[in-house]
Every structure is written in structure tokens, then in C-alpha cells.
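Data first, discussion second: the structure below is written as C-alpha cells.
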Amino acid sequence: MTTTTALGPDAPRPLGPRGRGGPARRRGRRSAAEARAGLLLSLPFVLLFAVFIAWPVVQSMFMSFTDMRISDIRSPFAVNFVGLDNYLTAFRDPVFRRAAANTGVFVLIGVPLTIAAGLAAAVALDRGIGRLRGVFRMGFYTPVITSIVAVAVVWRFLLQAENGLVNTVLGWVGIDGPNWLGDERTALLSLIVMAVWRNFGTSMVIFLAGLQAVDRGLHEAAALDGAGAWQRFRHITLPSIRPTMLFVLVTTSIGYLQFFEEPFVMTSGGPLNATISASMYTYNQFGFGNYGVAGAMAYLTFVVIGIVTLAQFRLMREK
């Protein structure tokens, strides 16, 4: 005997052959396919990163704990493990200590000057300069994209002891200018000024982008309340561009802690190591074939960069 049960209009219908969750399964398969496609597209970058960045970093770290020299290149894993001896050698090296001190002076003076010059140029372009703004912007940024060799030729002409333009102008007012690049007291300062001139254009562009985001209404309201230009800049503009300031501070500090091109092309580290930097001395050690010591110096510089960067993030973080 067969019993037939009639289904009401509100009764649940039988499931189809695909069962419940058909659309969810399709979405899951589509997400998995997209994930596989993303992995395949990122695979070339991952391989290049592993071969040209990750592996050299690991190898150089291993090298800094060994006595590897240029004669060991053919058998890099047959070297002797020396522990922290290379790091102690770096600390005991008077030239490396001088290079580290020069780098510290370069950063402590150069970074604030670069940020101040970049911010001043950005504010001038944002509010002060009306006509020929594009010309000034191009002029401020041109040193950034100019070859360091061309920059060195110009600055050597400016700073020559006998016939340099700077000393010639000083002579017009009765001042006997120094040998800017040949005197221990002025050589590093000359490189700092050149570096500021060459790099403040990058800070200017970043600050200019940050200034575009400052609410103009706040300035108008403060002006109506009687606030002067300096008060508005101090209490409105600077707090508004705090994240931009942090970015410029960190990137400029990282770049200046690794400064190499200026002493390399201008003074070769002289006179008497007055302008040699930590990066340049590390480069020289690699050139001499002292790979273990050079690797240790490179990682000491890396540690200093990390500490300085973390300190800047903590000091500049939002309160």
C-alpha cells in the first residue's frame, strides 16, 4: 500500500542534486583559484627576492662570523668559525671608530638641515610662491636626479682653495677662505652642505604632498581668531603633517647613516680620514678581501640603523 503525502505551499522542498551550500562551494572554489593565481603571479618576485636578497643576507651574516678572505671564495664553506672576533676587531679598529664618529656627525647635522630645508621649500611652494611655481619646484628637485659625478664636478669648482667661487666671493669682502675639502676642520662640513643641497628636494616633494592634505578651514578659522602665520604653522600645520614628518625623518636618517657617495667621489675619505664614513670603510675592507671583518662592520651599521629607526618611531608616535 502506497501513501501519498501532499506538500503544502510552505513545506520545505527536496534538495537538488548539488545539496545545500552550492553557491558557497562555488565561492570557495573561486577563492581557492584566485589564491592559486596570486601565488603564481608572486612566484617570480619570491624567487628573485630569495636569490638576490635573502640568500646574500644569510650568507653575509654567516660570513661575519668566519675568517673568510678573498682566497676562500672558491670554497666559502671551508672557512673557520671565529665567533665574535670580527665584531671585536671592528670595535678595536681606530679607523672604523673614526668612520662611525664621522657618520654620527653627518647624521646629527645633516638630517635636521635637510628636513628644515625641505619643509621650508614645501611651505614656500604651497603658500608663498605664486608665479613660476613649476620652475621653482623643478629647480629644487633637479639636484636629486642629477648624477653624483656631475654634482661633484660643480662642488669641487665651488670649493677649490685657490680659484673656487666660494673663496673668490669671500676674498671680495676681505676674508681668506679655507681649503674647504683639504682641511680636517671643514671637509666634513662641506660634504654635509653638499648632501643637504642634493637631497632636500626629496623631502620637499613629500612635505608638499602632506601640506595638500591640511584642512584650509582650520587656517581660516585660526586667522579669524587672530592667530598669526607662525602660530598657525606651529599649532595647525606641524601637528597635521606629523606622519609625513616621521616618514621623512626615518628615510633621511637611514640614507645618511649609509652615506657613501659624497666622500667617495669628493675626498676619498680624506684628509686623514676626516670624511671617511662607516659604509665607505666597510666597502674598503671588502676591496681588501677582508670579507669577515667587512661583514661584521656592515651588520654593526645595520643594528645602529634599526635602533635609530625604532627610537624615532617611539619619539614621534601619536600620543
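Start counting the sequence shown at 1; every next residue gets the next number (UniProt numbering). Glycine included, C-beta positions come from ideal geometry on N, C-alpha and C.
From the DSSP output, in three-state form, read off residue i for me.
| i | result |
| --- | --- |
| Phe81 | strand |
| Pro66 | Position check: residue 66 holds Thr in this sequence, whereas Pro was assumed. Residue state, collapsed to three classes: strand. |
| Pro263 | helix |
| Ile73 | coil |
| Ile129 | coil |
| Pro44 | helix |
| Val248 | helix |
| Phe288 | coil |
| Asn179 | coil |
| Pro271 | coil |
| Glu34 | helix |
| Ile276 | coil |
| Arg317 | coil |
| Ser253 | helix |
| Gln312 | helix |
| Gln258 | coil |
| Thr146 | coil |
Could you tell me the alpha carbon to alpha carbon distance between residue i and residue j, rounded to whole angstroms?
| i | j | result |
| --- | --- | --- |
| Arg18 | Ala37 | Confidence in Arg18 is poor, its pLDDT being 49 and thus under 50, which makes the residue's placement unreliable; the coordinate value appears in the next sentence. Looking at the two C-alpha atoms, the distance is approximately 26 Å. |
| Arg30 | Leu39 | 14 Å |
| Thr301 | Thr309 | 12 Å |
| Val51 | Ala221 | 56 Å |
| Met1 | Arg25 | At Met1, the pLDDT of 44 sits below 50, so the modelled position is not reliable; the number obtained from the coordinates is stated separately. Approximately 40 Å, taken between the alpha carbons. |
| Val304 | Val149 | 29 Å |
| Phe264 | His219 | 46 Å |
| Arg242 | Gly182 | 40 Å |
| Pro143 | Gln212 | 23 Å |
| Ile115 | Thr252 | 8 Å |
| Thr275 | Phe200 | 21 Å |
| Met194 | Asn80 | 43 Å |
| Leu208 | Arg317 | 21 Å |
| Ser240 | Phe247 | 13 Å |
| Asp93 | Leu189 | 24 Å |
| Tyr283 | Thr267 | 15 Å |
| Gly177 | Ile53 | 47 Å |
| Trp230 | Asn290 | 54 Å |
| Gly210 | Ala121 | 13 Å |
Report back the beta-carbon spacing between residue i and residue j to the nearest angstrom; my notes put them in contact at under 8 Å.
| i | j | result |
| --- | --- | --- |
| Glu262 | Leu165 | About 19 Å; that fails the 8 Å criterion. |
| Ala99 | Tyr281 | 4 Å |
| Ala117 | Val196 | 6 Å |
State the start and end residues of the unbroken alpha helix (DSSP H) segment that holds residue i.
| i | result |
| --- | --- |
| Glu220 | Arg216 to Leu224 |
| Gln160 | From DSSP, Gln160 is part of no alpha helix (DSSP H); its letter is neither H nor E. |
| Pro112 | Pro94 to Val123 |
| Thr237 | Taken as a continuous stretch (DSSP letters only), Thr237 belongs to no alpha helix (DSSP H), as it is neither H nor E. |
| Ala209 | Ala187 to Gln212 |
| Val166 | Leu165 to Trp172 |
| Ala229 | Ala229 to Arg232 |
Measure from the alpha carbon of residue i to the alpha carbon of each residue in the options, then state which is nearest.
| i | options | result |
| --- | --- | --- |
| Leu88 | Gly292, Ala187 and Ser147 | Gly292 |
| Tyr256 | Asp67, Arg98, Val111 and Ala78 | Val111 |
| Phe214 | Phe313, Leu84 and Asp126 | Before going on, a small fix: residue 214 reads as Val here, not Phe. Taking only the C-alpha atoms, the option nearest Val214 is Asp126. |
| Thr103 | Ser268, Phe313, Phe260 and Phe288 | Phe260 |
| Thr146 | Ile53, Arg198, Ile73 and Arg92 | Arg198 |
| His65 | Ala90, Val123, Arg74 and Leu108 | Residue 65 is actually Phe in this sequence, not His. For Phe65, the nearest C-alpha among the options comes from Ala90. |
| Phe288 | Met68, Ala121 and Phe45 | Met68 |
| Ile175 | Glu184, Ala161, Gly269 and Ser42 | Ala161 |
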